[in-house]
Structures are given as C-alpha cells and as structure tokens.
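Peer 1:
Number of protein chains: 2
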Amino acid sequence: MALIVHKYGGTSMGSTERIRNVAKRVAKWSRAGHQMVVVPSAMSGETNRLLALAKELAPAKADDAYHRELDQLAATGEQASSALLAIALQAEGLASVSYAGWQVAIKTNSAYTKARIESIDDARVRADLAAGKVVIITGFQGVDGQGHVTTLGRGGSDTSAVAVAAALKAQECLIYTDVDGVYTTDPRVVPEARRLKTVSFEEMLEMASLGSKVLQIRSVEFAGKYRVPLRVLSSFTPWDIDLQEEAKSGTLISFEEDENMEQAVVSGIAFNRDEAKISLLGVPDTPGIASQILGAVAQANIEVDMIIQNVSHEGKTDFSFTVHRNDFARAIDLLKSVVAAKLGAREVIGDAKICKVSIVGIGMRSHVGVASKMFRALSEEGINIQMISTSEIKTSVVIDEKYMELAVRALHKAFDLDQPPA
Amino acid sequence: MALIVHKYGGTSMGSTERIRNVAKRVAKWSRAGHQMVVVPSAMSGETNRLLALAKELAPAKADDAYHRELDQLAATGEQASSALLAIALQAEGLASVSYAGWQVAIKTNSAYTKARIESIDDARVRADLAAGKVVIITGFQGVDGQGHVTTLGRGGSDTSAVAVAAALKAQECLIYTDVDGVYTTDPRVVPEARRLKTVSFEEMLEMASLGSKVLQIRSVEFAGKYRVPLRVLSSFTPWDIDLQEEAKSGTLISFEEDENMEQAVVSGIAFNRDEAKISLLGVPDTPGIASQILGAVAQANIEVDMIIQNVSHEGKTDFSFTVHRNDFARAIDLLKSVVAAKLGAREVIGDAKICKVSIVGIGMRSHVGVASKMFRALSEEGINIQMISTSEIKTSVVIDEKYMELAVRALHKAFDLDQPPA
Numbered sequence: 001m002a003l004i005v006h007k008y009g010g011t012s013m014g015s016t017e018r019i020r021n022v023a024k025r026v027a028k029w030s031r032a033g034h035q036m037v038v039v040p041s042a043m044s045g046e047t048n049r050l051l052a053l054a055k056e057l058a059p060a061k062a063d064d065a066y067h068r069e070l071d072q073l074a075a076t077g078e079q080a081s082s083a084l085l086a087i088a089l090q091a092e093g094l095a096s097v098s099y100a101g102w103q104v105a106i107k108t109n110s111a112y113t114k115a116r117i118e119s120i121d122d123a124r125v126r127a128d129l130a131a132g133k134v135v136i137i138t139g140f141q142g143v144d145g146q147g148h149v150t151t152l153g154r155g156g157s158d159t160s161a162v163a164v165a166a167a168l169k170a171q172e173c174l175i176y177t178d179v180d181g182v183y184t185t186d187p188r189v190v191p192e193a194r195r196l197k198t199v200s201f202e203e204m205l206e207m208a209s210l211g212s213k214v215l216q217i218r219s220v221e222f223a224g225k226y227r228v229p230l231r232v233l234s235s236f237t238p239w240d241i242d243l244q245e246e247a248k249s250g251t252l253i254s255f256e257e258d259e260n261m262e263q264a265v266v267s268g269i270a271f272n273r274d275e276a277k278i279s280l281l282g283v284p285d286t287p288g289i290a291s292q293i294l295g296a297v298a299q300a301n302i303e304v305d306m307i308i309q310n311v312s313h314e315g316k317t318d319f320s321f322t323v324h325r326n327d328f329a330r331a332i333d334l335l336k337s338v339v340a341a342k343l344g345a346r347e348v349i350g351d352a353k354i355c356k357v358s359i360v361g362i363g364m365r366s367h368v369g370v371a372s373k374m375f376r377a378l379s380e381e382g383i384n385i386q387m388i389s390t391s392e393i394k395t396s397v398v399i400d401e402k403y404m405e406l407a408v409r410a411l412h413k414a415f416d417l418d419q420p421p422a
Numbered sequence: 001m002a003l004i005v006h007k008y009g010g011t012s013m014g015s016t017e018r019i020r021n022v023a024k025r026v027a028k029w030s031r032a033g034h035q036m037v038v039v040p041s042a043m044s045g046e047t048n049r050l051l052a053l054a055k056e057l058a059p060a061k062a063d064d065a066y067h068r069e070l071d072q073l074a075a076t077g078e079q080a081s082s083a084l085l086a087i088a089l090q091a092e093g094l095a096s097v098s099y100a101g102w103q104v105a106i107k108t109n110s111a112y113t114k115a116r117i118e119s120i121d122d123a124r125v126r127a128d129l130a131a132g133k134v135v136i137i138t139g140f141q142g143v144d145g146q147g148h149v150t151t152l153g154r155g156g157s158d159t160s161a162v163a164v165a166a167a168l169k170a171q172e173c174l175i176y177t178d179v180d181g182v183y184t185t186d187p188r189v190v191p192e193a194r195r196l197k198t199v200s201f202e203e204m205l206e207m208a209s210l211g212s213k214v215l216q217i218r219s220v221e222f223a224g225k226y227r228v229p230l231r232v233l234s235s236f237t238p239w240d241i242d243l244q245e246e247a248k249s250g251t252l253i254s255f256e257e258d259e260n261m262e263q264a265v266v267s268g269i270a271f272n273r274d275e276a277k278i279s280l281l282g283v284p285d286t287p288g289i290a291s292q293i294l295g296a297v298a299q300a301n302i303e304v305d306m307i308i309q310n311v312s313h314e315g316k317t318d319f320s321f322t323v324h325r326n327d328f329a330r331a332i333d334l335l336k337s338v339v340a341a342k343l344g345a346r347e348v349i350g351d352a353k354i355c356k357v358s359i360v361g362i363g364m365r366s367h368v369g370v371a372s373k374m375f376r377a378l379s380e381e382g383i384n385i386q387m388i389s390t391s392e393i394k395t396s397v398v399i400d401e402k403y404m405e406l407a408v409r410a411l412h413k414a415f416d417l418d419q420p421p422a
C-alpha cells in the first residue's frame, strides 16, 4: 500500500466515456490498496473554447487585470472535469471528493497565466485519504495570497501533479498521456525509435527543453527538485490490464543511478525547428561585449537559447545566438538599429531556416569521442554544421532545416538507438 | 450617484455578442456616476450542459457527496460568464474584477444544490467600488463553512443579486430578464394583459409562488426581508437608450405603500397547473387528525400547498389538499396504504387534471365582495369550483384544468385588468 498520484491529460478526459475509463482505472488502483490522488486536466478543447470566447470580447492585453480574468475563466475547465471524475468514481462505488486549487490550497505567486507554485497545504487531502476517499485535485491552477485564482500556463497540470506528489511524498507520480512513454526520438521521424524503460531526470530535462513534448519542462524541474519518481505511460491501454504490468509500463524518470539503468552513451535524439540564428560579425572583442548585446535583447523580452562566441581575430570577433523564430524579425530590427550601431559591428545577419538537433545522454559524461562521432555521422550525410554547443550530457548542432529528418535518422542509427542497450 | 446592482439572466449572457451588450449597458450606468455591482447567470444552456455530463456518468443520487460535486461542477458556469463580462467591461475601458461566491465570500449553509445564504462579506467589494471598479459577482453560488462550493438552486442568481444588494444597501436591484416586467397575467393566455408599473412586495410574493415565473420566490422573500427595492426589466432594449428612461422601465417591486401605488383592488391573475388534489373522505373528526395526515405526507418529503377541511357531519369530515403533480401517485399510494387504514377514512380519491387560479391584490385587504365577484365571474362561464382557499391578499380556486385559460380571461376582464387603474 502506497500513496500514488495519477495525472490524466485533456485527451484522457475528453468525453464522459473516457472519464468513466479513468474512473475504472483509478478504482483498480484504489482497490489494490493504494491511497489515490488524481490530478486531471480540463476536457480536451475546453480551455481553448473558453479562451476563444475571451478573445472574441477583447484583444489580448498585457495588463494584470485582464490576465486575472483569463485565469478566473480558464480555471473553470479543470474544476468541471475534476467534479465529473469524482462523480464517475462515486458511480464506481468509491468515496471521492474533488478540490479546486484554492480549496486545497495550492498557493502560488500572482503571475497570472504563468504562476509558480509556492506551497501546498496537505492537511485536507491527508484527512480525506485517511478517511478512505479518492482525492481529485484540479490541475493547472492555484490561488495567490489575496485569494485570486491563478493558472500555471499551458501544460501546467503536469506541474500540479508533480507538486502534489512532492507535497504528499507520494511513492510515484504517474503521468497518463496519449503517448506510451519517452522515445529515443520522435517515431514519426524515425520509425525504429525505441521506448526507453528508464531515463534519468537530467536527460529528461534536456529532452523536454529540446522539444520532446511529452512533459512540461517545469514539471520535470519540479520533480528533480523534490525527487519525485515520475512515470509517463499511456492512458489508452485497457483500464483492466493487470496492475503490476501497468505499474511497470511507460518510461520511469528516475533519480537513482542504479544498476538497472540503461547504460547507453546516448539515450535520445532531440530536435526543434522553432529557432532562428542571428550573428553579429566583426564585433570589437572588448570586455562586456556579450552582456551589452544580450542585455539589450533580454530587455526586449526576447529569450535566447544557444550562444556562441569564437576566439577573436585582429581584435574583432563574431557573436552568434539563437532565438525563437517568432522573435526573429524583432531581434534583427533591434540589433540593426540599436546594438550594432553602438557596438560598431560590421554586419548583422540572420537565418530562420535552421533547426537544432541534439544528442542527449547521461553516459556522455564518462565517454570521450561522442561529439566527434556525431559530427562524423552528419558529415557522412553531407550535412554542414553551422553552430555547435555542448553541455555535460548533450551536444547540439544547428543545421539547415531541410536536413532535419535526415540528421535525426542518421544519428539515431549511428548511436544504435534502434537496438536495446547491452 | 448611487450604488446599483444589476442582475442578468442566462439568455442575456447567451453569447459574446450579448455579453458585450451587457457590458455597454453597465458602462452607461457606471459613466453616469453610479457604483456598479453586476450579478450574471451562466451563459444560457451551460448549466444544463454540465449537469447532463454528470447524468451521463451517474444516475441522480440523494447523497451529499454526489450533490457536493454537482455544485462544484455547476458553479463553473457562472465563474466563466462573470470573468467574460469583466473582460468585456475592460474592453469598454472600465476597471473591472469578477469574483466567484467563495471569493467575496458569500457564506451559505451546506445544503448542496439548494443552499441558503447566511452572510455576505462586503469588505472586498466595497474596497473595489471605492477604487472605481465595476465588481462582478457570480450568481447562484456560495461557499459553506468548510470551504465547499454550494449552489442556491435553479433561479438562484436572482437571490444572489438581491442578497448582494441587501448586504451593500444598494439603492436598487435591477433584474434584467427576457420579459419586460410583471404583468396582470400571462400575456400568452390573455393578450390584453397589462404591465404593472409597480407591484407590492406581498403581491409579488403571491404571484411568484402561484406560478408567475418572472422571479425566483426566494429572491422576493429576501428582498422583502431586507427591504431591497427590486425592479424587473427587459435586457432586450437597446443598451444605449436613455438611462433615465431605462431606470423607470419594467416593474418596480415596492415596499412603500406610497401615493403613486396603483390602487387596483386586484393586481393580477396567477395560475398554475402543476398541482393535483387529494381528498380523504369520511375521516373521523377528532383532534390531531390534520397533523396525522400531513405529518405522514411531510415525512415522505411531499410538499403540500392548499389545505381544506370543512365542517364535520355526524362526527366525520372530508379533508383535501393539493400536492405537486409529480408527487401525486406517490402521495395517493402512501395515503391508501398507511394513513387511510390507520385513520379509518372511508375513501381516498384524487385528481391530477386540475388547475389553480388566483386573484392577487393588496387592495383586497380593504375591499369586501372581491371573492364573490370572482366566483360570479367563474359561474357565468359555467366553471365549477372544486376548492377555495383565501388569504389576506389572494383568493385561489381549484377548477378543472380544461377551463384554465377561460377562467383566467374571464377574471382578467371581470376585474378590469386590461384597463389602467384610475
């Protein structure tokens, strides 16, 4: 008997038929003797429906009063789906109660539409669990210190589930979703992609941030911070499959580097075509140059991902970085009009038709030659590398976006990811 | 400058276009210098949509845990519509904030799906009004002492609006609805029916309880208890009509028997075909007989409306009462099996094909011969009266339901209700 948190996404909650299946699955876990807490998303489409109504009434604005109302509005989606799940569980014969974020309470800061969880009061939930109830807690939302409803941003239900699991010291947090785990890469690009039985927290963090959309990155950070064992698994298996089998399915995001951990050097290939690159050529190589360039970009609220500065030549250097493609035009304008003039850069050039491909693996820490194997595999396909960036457990390259699928397939094969690890 | 409460029903909130019109109307009042509090219902159809989902998941049950979830579910409808209205008001350039019942807080007892308001904290609302904001408060809902969401039952938004107006000592509570006021009777039955400019609180209470569906009866009771001036008016007039004209439109439910009050003897004709009558014939006329009969009925949770007991004859009497038509079969069974046997009544008979027609008027207090004029008008149409019940300001008769429209038209004419009062 353990305390287990289940999280179900919008697709899993998408109809009364599906909600009933969720209830039957949760009932199975409850009847096996587990204390169950369930964090559902809104029924699929509901959040978009509500926000579309808001958009019909007013153009998006940056002010707090407007964002407060968006949160007050959007939070109703999870409150409704949670109550429906409680009703479905009661129909299965289980005692059940649903709580909105403010009822728990899940306290957040006041950053409407992208709030951060500050604390979770576990008293009420523990009392209900002790009384034999299945407790349902709305995902995606909380309440600030002044009693205003807040939401955590898209995908925030994952974060809610992990935070609840951390507060309750749950044995495991199971994220039921429409994929059956974390793969070595996107199976739509590489049909031979293989599901990973376990992945380390750090690898998952790199995968999530690099564009594998299985889990919201903040939920992974949260799980890492509080060491919550996290499992991603399919909500589309029949609800009545054997519990032991289900409990081992999907991908476990593990914090223990135990013996059973897969010992591959590279665990997966991530990719992302949401970025654009910008280069300032012939910048004077003086102290503080990077902060002058990036400070101006940050002030314009543009997020920067990869940053490259190579050794200088005759007192001049080239400085490159990548931004989200949506910010590309604005960043180029900014740099041309302000920064380049002030810094005396020779030229500002940019390219939005790029992609980033990364190899990720905790095994890279203790293996040499991994990066050069990557570069060789790309070169054998005739793919030119435009930028390189490395960290302890990943190596990323920027290449022409037209080569993205080719590069991913080549790397997947080069690192034998289609084969189970020895 | 005054503090004014507006209440808008589901039809008035039924689309973003209509919500925008509500916002423009409220903005007009705000710009005229009034402090505005708005209580909206859920968008029309939304509450039914949510409850239908619940019904798909579980059959209706009598237990508290189930009703708690129904309230948690249904309350989302008003939270969403309130946030949308706040957004629409902001788009009109007004500062605005929306609150769910728990945020105000509107405290209720724990009778889920039919909770009663116990108190309203006005501090937060007053602070917002003082800061120049339009405050929107969800209708229909509150929160109990343990932080569970409650709803007030169908039509509860009227009650919310009146309760908020009472708590804030508002100058007037305007109920915008899809009819343009209170009529002498239903215009669908009597095309000559006339809108009343004012109606007394007591008359309105009788009208509401007798089947005129303009206002929820509890909201009228609440208004009476706290002496909140209440106005029923149309939400379908153009939002930009002159404010002074709008402020005098509809029907004012007044608590002051002032000079301007219409001096008609009878103000309106109410009717209702939701009832059925039951008679116990030949009941021994001993003390406590009525309480024995009605006690058993009440224990079965069946509400009784009219009760008639005539003088006894040879130690036996006949005892009649009416119940809601939905409870008719159950009441008959109960009386046959239990009560009649125990009481030694000769026979239990019932009839569901009846209707109740009432004349209502505060002027009846000081006028004699009103009832006999009613009976004469019915007799002239050959309508047989089955039961009669009177109170200070109304006289009700039970007749065969096939005569309902005929009776209402005859009475409307007999009391000159198609003519404005002298």
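Sequences listed follow chains A and B, in order. Just so you know, the first sequence maps onto residues 1 to 422 in this note's numbering. Just so you know, the second sequence maps onto residues 1 to 422 in this note's numbering. Built from N, CA and C at the ideal position, the CB exists for glycine as well. Bear in mind that the values here come from a model prediction, so they are computed numbers and not experimental data.
#1: Output needed for Ser234 of chain B: all residues of its chain with C-beta closer than 8 angstroms, excluding positions within five of it in sequence on either side, in chain order.
#2: Give a yes or no on whether 8 angstroms exceeds the smallest Cβ distance from Tyr66 of chain B to chain D.
#3: CA-CA distance, Leu89 of chain A and Tyr99 of chain B?
#4: Cα separation between Ala345 of chain B and Gly288 of chain B?
#5: Taking the alpha-carbon of Thr113 of chain B as reference, which of B:Val125, B:Ile106, B:Tyr66 and B:Ile136 has the nearest alpha-carbon?
#6: Anything in chain A within Cβ reach of Arg20 of chain B, meaning under 8 angstroms, just list it in chain order.
#7: Taking one C-beta from the region 271-281 of chain A and one from the region 347-365 of chain A each time, how about it: are there three or more such pairs within less than 8 angstroms?
#8: In chain A, which residues lie with their C-beta within 7 angstroms of the C-beta of Gln76 of chain B?
#9: Alpha carbon to alpha carbon, what distance is there between Val360 of chain A and Asn48 of chain B?
#10: Assuming Met1 of chain A contacts Pro40 of chain A under a Cβ cut-off of 8 angstroms, what Cβ separation, rounded to an integer in Å, is found between them?
#11: Helix, strand or coil for Met43 of chain A? Go by DSSP, reduced to three states.
#12: Measuring only between beta-carbons, confirm whether Val97 of chain A sits less than 8 angstroms from chain B.
#13: Just list the residues that DSSP pairs Asn272 of chain B with in beta bridges.
#14: In angstroms, rounded to a whole number, what distance separates the CA positions of Gly295 of chain A and Val339 of chain A?
#15: So which residues of chain A does Ile87 of chain B contact, with C-beta pairs closer than 7 angstroms?
#16: Evaluate Asn260 of chain B with the Cβ neighbour count: other Cβ atoms within 10 Å of its Cβ, from every protein chain shown; 16 or more gives buried, anything less gives exposed.
#17: Using the beta-carbon of each residue, which ones in chain A are nearer than 8 angstroms to Thr16 of chain B?
#18: Using beta carbons (cut-off 8 angstroms, strictly below), is Asn260 of chain B in contact with chain A?
#19: Consider the Cβ of Gln90 of chain A: report whether some Cβ of chain B lies at a distance smaller than 8 angstroms.
#20: Starting from Gly142 of chain B and walking both ways along the alpha helix (DSSP H), at which residues does that stretch end?
#21: According to DSSP, simplified to helix, strand and coil, what is Tyr8 of chain A?
#22: Let me check one thing: in DSSP terms, what residues is Asp351 of chain A bridge-paired to?
#23: Is it true that the CB of Ala83 of chain A sits closer than 8 angstroms to the CB of Leu73 of chain B?
#24: Can you tell which of A:Thr390, A:Thr151, A:Thr322 and A:Pro191 has its C-alpha closest to the C-alpha of Thr76 of chain A?
#25: When you check each C-beta in the region 230-259 of chain B against every C-beta of chain A, which residues fall closer than 8 angstroms?
#26: Find the residues of chain B that neighbour Ala83 of chain A, judging by a C-beta separation of less than 7 angstroms, and give them in chain order.
#27: Using a cut-off of 8 angstroms between C-beta atoms, extract the partners of Leu152 of chain B located in chain A.
#28: Any idea which residues DSSP pairs Tyr99 of chain B with across the strands?
#29: Quick one: is Gln103 of chain B near chain A, going by C-beta distance under 8 angstroms?
#30: Any contact of the region 152-161 of chain A with the region 5-19 of chain A, i.e. 3+ C-beta pairs under 8 angstroms?
#31: Assign Lys225 of chain A to one of two classes, buried (16 or more other C-beta atoms within 10 Å of its C-beta) or exposed (fewer than that).
#32: Tell me the DSSP secondary structure of Leu411 of chain A in three-state form.
#33: Where does Ser160 of chain A sit, in a helix, a strand or coil, going by DSSP?
#34: Starting from the N-terminal side, write out each stretch of the beta strand (DSSP E) that is 3 residues or longer and does not extend beyond the region 80-125 of chain B.
#35: Would the C-beta of Ala2 of chain A count as close to the ligand GDP, meaning under 7 angstroms from any of its heavy atoms?
#36: What are the partner residues of Pro284 of chain A, as DSSP defines its beta bridges?
Peer 2: Looking at the atomic coordinates:
#1: Tyr176, Thr177, Asp178, Val179, Asp180, Gly181, Ser249 and Gly250
#2: Any reference to chain D falls outside this structure, whose protein chains are A and B.
#3: 30 angstroms
#4: 14 angstroms
#5: B:Tyr66
#6: Leu57
#7: yes
#8: Contrary to the premise, residue 76 of chain B reads as Thr rather than Gln in this sequence. By Cβ distance, chain A contributes Thr76, Gln79 and Ala80.
#9: 50 angstroms
#10: Incorrect: roughly 23 angstroms between the Cβ atoms, too far for contact.
#11: Taken through DSSP and simplified to helix, strand or coil, Met43 of chain A comes out as coil.
#12: Nearest CB-CB separation between Val97 of chain A and chain B: below the 8 angstroms threshold.
#13: B:Lys356
#14: 10 angstroms
#15: Ala54, Leu57, Ala58, Tyr66 and Glu69
#16: Note on Asn260 of chain B: pLDDT 49, under 50, position unreliable in the model; no value is reported.
#17: Near Thr16 of chain B (Cβ distances below 8 angstroms), the residues of chain A are Leu53, Glu56 and Leu57.
#18: Any reading at Asn260 of chain B must be qualified, since the residue scores a pLDDT of 49, below 50, and its modelled position is unreliable; the value itself is stated next. Output row for Asn260 of chain B: interface = no.
#19: yes
#20: First-last for Gly142 of chain B: Gln141 to Val143, but that is the beta strand (DSSP E), not the alpha helix (DSSP H).
#21: Strand at Tyr8 of chain A.
#22: A:Lys277
#23: yes
#24: A:Thr151
#25: Identification of residues in the region 230-259 of chain B having a C-beta nearer than 8 angstroms to some C-beta of chain A yields an empty set.
#26: Glu69, Gln72 and Leu73
#27: Residues of chain A passing the Cβ test: none, with the nearest at roughly 17 angstroms.
#28: B:Ile137
#29: yes
#30: Counting Cβ pairs under 8 angstroms, three or more are found: they touch.
#31: exposed
#32: helix
#33: helix
#34: 96-99, 106-108 and 117-120
#35: With respect to small molecules bound, the structure shown includes none, and the ligand GDP cannot be examined in it.
#36: DSSP lists A:Lys316 as the bridge partner or partners of Pro284 of chain A.
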